[in-house]
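Student: Going by the UniProt record's numbering, 35 is the number at position 35 of the sequence shown; the sequence numbering is gapless. Beta carbons are placed, not taken as given, at the ideal position from N, Cα and C, and that holds for glycine.
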Amino acid sequence: MRRPLQQLTITKKMIKSTASIAMLGLVSYAAHALIVPGSQITNIASGDYVDALGNTLVINSNP
């Protein structure tokens, strides 16, 4: 004979576990997606560019 209450308990545990794993994945993705100074350069013309860390980069948009 089946025990529906026990099956429901297992299902709740599985949902909690899945939600915990999903939240952990979301948090770890957000940590890797943070922008650090000098990581992105967008919408600039050709020439010298000094990033937030003081590095000089030469950008040539006309190769």
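1) Kindly say whether Lys12, judged by its beta-carbon, lies nearer than 9 Å to any beta-carbon of chain D.
2) Consult DSSP for Ile25 and reduce its assignment to one of helix, strand or coil.
3) Considering just the uninterrupted stretch of the beta strand (DSSP E) at Asp48, what are its terminal residues?
4) Which residues bound the beta strand (DSSP E) around Met57?
Tutor: Well, looking at it:
1) In summary, chain D is missing from the structure at hand, where a single protein chain is found.
2) Strictly speaking, residue 25 in this sequence is Gly, with Ile absent from that position. Here Gly25 sits in helix by DSSP.
3) 47-50
4) Before going further, note that residue 57 is Leu rather than Met in the sequence given. Note, Leu57: beta strand (DSSP E), 56-59.
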